[in-house]
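To convert a position in the sequence shown, counted from 1, into my numbering, add 110. Positions of the beta carbon are idealized from the N, C-alpha and C atoms, including for glycine.
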Amino acid sequence: MKTEKLGNLAEFRNGLNYTDADNGSGLAVVGVSDFQDKVVIDTGNLPQLSLSALSKPDALIHEGDVLFVRSNGNRELIGRSVYVNTEPTMPTSHSGFTIRCRFHDRRCYPRYYAYLFRGSIIRQTLSSHGGGTNISNLNQQILADLDVPVPDLWMQERIAGILSAYDDLIEVNQRRIAILEDMARRLFDEWFVRFRYPGHEAVPLIETELGMVPEGWQIETARQALTYTGGGTPSKAEHRYWRDGDIQWFTPTDLTKSGQTFLRRSSLMITKEGLAKSSARLFPAFSIMMTSRATLGVFAINTEPATTNQGFITFLPSSRTPVYFLVHMLKREFPRMEAVASGATFKEITKGALGELVFAFPPETLTHRFEQLATPMMEQIATVSRQNDSLRAARDLLLPKLISGEIDLSAAEETFAEAAE
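Below, the structure written as structure tokens:
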């Protein structure tokens with residue numbers, strides 16, 4: 111298949127650099143944190159700046175653009191891309207840590223290339239420029255020098271159509287998950303924030319150090335009422351701590367990349383010896399992981415026994431604080447936890463500071479009633495999340511085979527029909 115330099119097919123532009131003085135509204139901005147593991151960027155719910163931050167109209171993004179992460183403290187994120195599938199409904203730009211790729215050659219179907227960039231071509235290029243490891247910055251010249259295939263336009267459109275069918279179904283499932291999460295959150299808020307739980311009429315509110323709470327609720331510190339642990343990292347120099355590991359070991363990137371409530375697999379695994387020779391702690395399935403360093407307050411529930419690195423505090427549910435009650439309580443109370451974070455280089459919520467925070471704990475009978483109602487919603491979220499995991503795996507398996515021509519297009523369409531059932 112014929113190839114050409116990407117620089118002959120498209121043009122590039124770095125994103126906006128801005129300061130706190132540009133805060134405001136009128137200009138939506140795609141930042142690195144908005145990429146996650148998405149193929150298509152959702153431009154409908156982005157942070158905004160004042161329109162005065164827009165230096166030139168050419169800094170706007172439009173339908174058909176591809177955005178790349180240019181620079182980030184986490185090298186694994188560099189080179190990640192997202193596609194602008196529809197024209198944004200308001201003026202939208204992208205941050206200076208990203209690069210915009212805009213195709214001008216009519217032989218190119220941009221969404222096909224959006225999928226191409228998610229394959230090995232980018233990762234191999236970054237590795238070659240970094241001497242075997244990912245580089246710390248992507249630039250326009252590296253992108254321009256990429257050799258990319260240019261198949262017939264009809265083939266590009268058909269390949270993109272097959273892969274986008276997976277993404278469309280994933281998006282439908284994501285909307286189902288969002289609805290279920292909102293239902294569970296609203297139920298929690300109704301019972302435990304507004305105190306309108308069943309039988310509340312017969313329970314007076316009393317004054318406490320946290321304000322008015324129902325009589326019979328216990329005011330205790332996190333250290334008194336909750337069980338939580340930290341994490342650690344086995345030495346990377348000891349390959350036996352990592353090679354053929356079978357213990358899940360989560361990093362904050364696992365959580366931010368997935369954006370899901372339930373996580374089955376970590377990107378890295380450690381061995382039993384690695385666990386024993388580090389400060390990592392094994393915790394049971396259906397614990398609640400909370401990122402506590404640098405990136406604060408991302409939550410996820412592990413569905414298998416797991417460990418984390420030191421960037422977490424992990425909470426263990428109990429009969430008094432069952433898992434779905436506890437995860438909603440922690441999310442609701444997170445601003446108070448964030449307020450006690452400290453650190454000059456990056457903020458961290460320490461277990462010591464967390465332990466001093468005071469919370470109001472409802473009677474066990476009430477948390478159990480909530481759990482009975484919330485569990486079917488949360489289990490459905492877990493089921494739909496697993497479906498999405500399977501769809502993503504099938505899509506990612508097809509991607510290189512479709513690009514290389516290893517698999518017939520008709521066979522790929524049949525594979526999607528089976529996966530969608």
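Enumerate in chain order the residues of its own chain whose CB-to-CB distance from residue i is below 6 angstroms, with the five nearest sequence positions on each side excluded.
{"i": "Val433", "result": "Phe396 and Pro427"}
{"i": "Arg190", "result": "Phe145 and Val179"}
{"i": "Leu378", "result": "Trp359"}
{"i": "Glu114", "result": "Val260"}
Keeping to the same chain, check which residues put their C-beta closer than 8 angstroms to that of residue i; ignore five residues upstream and five downstream.
{"i": "Gly229", "result": "Leu509, Pro510 and Ile513"}
{"i": "Glu319", "result": "Ile329 and Val468"}
{"i": "Thr196", "result": "Thr153 and Glu173"}
{"i": "Asp518", "result": "none"}
{"i": "Ser160", "result": "Asp132, Asn133, Gly134, Ser135, Gly136 and Leu137"}
{"i": "Thr485", "result": "Tyr434"}
{"i": "Tyr219", "result": "Leu263, Gln266, Glu267 and Ala270"}
Quick one: is residue i buried, meaning 16 or more other Cβ sit within 10 Å of its Cβ, or exposed?
{"i": "Met447", "result": "buried"}
{"i": "Ala347", "result": "exposed"}
{"i": "Arg350", "result": "exposed"}
{"i": "Phe435", "result": "buried"}
{"i": "Met200", "result": "exposed"}
{"i": "Pro198", "result": "buried"}
{"i": "Ile289", "result": "exposed"}
{"i": "Pro362", "result": "buried"}
{"i": "Val282", "result": "exposed"}
{"i": "Ala163", "result": "buried"}
{"i": "Asn498", "result": "buried"}
Provide the residue(s) that pair with residue i in DSSP beta bridges, ordered along the chain.
{"i": "Lys166", "result": "Partner(s): none; Lys166 has no beta bridge."}
{"i": "Val494", "result": "In the DSSP output, where bridge partners are listed per residue, Val494 has none listed."}
{"i": "Leu137", "result": "Leu159"}
{"i": "Tyr338", "result": "Phe425"}
{"i": "Ser402", "result": "Leu406"}
{"i": "Gln358", "result": "Met379 and Ala416"}
With a threshold of 7 angstroms on Cβ separation, who are the neighbours of residue i within its own chain once the five nearest residues in sequence on each side are excluded?
{"i": "Ser388", "result": "Gly342, Thr343 and Pro344"}
{"i": "Ser520", "result": "none"}
{"i": "Thr366", "result": "Gln146, Thr405 and Val408"}
{"i": "Ser429", "result": "Glu474"}
Would a C-beta distance cut-off of 9 angstroms place residue i and residue j closer than the cut-off?
{"i": "Cys211", "j": "Tyr223", "result": "yes"}
{"i": "Ser402", "j": "Glu466", "result": "no"}
{"i": "Phe444", "j": "Gly421", "result": "no"}
{"i": "Thr431", "j": "Phe393", "result": "no"}
{"i": "Asp175", "j": "Val194", "result": "yes"}
{"i": "Phe526", "j": "Ala492", "result": "no"}
{"i": "Gly59", "j": "Gly321", "result": "What is shown of the chain runs 111 to 531, which leaves residue 59 out entirely."}
{"i": "Asp147", "j": "Ser368", "result": "yes"}
{"i": "Ala410", "j": "Gln370", "result": "yes"}
{"i": "Arg391", "j": "Thr417", "result": "yes"}
{"i": "Val313", "j": "Glu325", "result": "yes"}
{"i": "Leu156", "j": "Ile209", "result": "no"}
When you compare only the Cα positions, how much space is there between residue i and residue j?
{"i": "Glu524", "j": "Met399", "result": "39 angstroms"}
{"i": "Leu116", "j": "Leu170", "result": "21 angstroms"}
{"i": "Ser181", "j": "Ile231", "result": "18 angstroms"}
{"i": "Thr405", "j": "Phe207", "result": "17 angstroms"}
{"i": "Gly271", "j": "Gln234", "result": "25 angstroms"}
{"i": "Met487", "j": "Phe298", "result": "12 angstroms"}
{"i": "Ala275", "j": "Pro261", "result": "20 angstroms"}
{"i": "Val150", "j": "Asp292", "result": "23 angstroms"}
{"i": "Leu501", "j": "Val437", "result": "27 angstroms"}
{"i": "Lys441", "j": "Arg304", "result": "16 angstroms"}
{"i": "Ile188", "j": "Gln490", "result": "34 angstroms"}
{"i": "Pro167", "j": "Arg295", "result": "40 angstroms"}
{"i": "Phe456", "j": "Asp130", "result": "18 angstroms"}
{"i": "Ser246", "j": "Arg185", "result": "6 angstroms"}
{"i": "Thr337", "j": "Trp352", "result": "28 angstroms"}
{"i": "Val142", "j": "Ala451", "result": "23 angstroms"}
{"i": "Gly183", "j": "Leu256", "result": "24 angstroms"}
{"i": "Ala332", "j": "Thr339", "result": "12 angstroms"}
{"i": "Gly241", "j": "Ser205", "result": "Confidence is the limiting factor: at Gly241 the pLDDT is only 47, short of 50, which leaves the residue's position unreliable, though a coordinate-based value still follows. Distance between the alpha carbons of Gly241 and Ser205 is about 27 angstroms."}
{"i": "Ile357", "j": "Leu226", "result": "32 angstroms"}
{"i": "Pro473", "j": "Phe480", "result": "11 angstroms"}
{"i": "Val494", "j": "Gln482", "result": "19 angstroms"}
{"i": "Val323", "j": "Glu317", "result": "7 angstroms"}
{"i": "Asn124", "j": "Val140", "result": "12 angstroms"}
{"i": "Phe302", "j": "His310", "result": "11 angstroms"}
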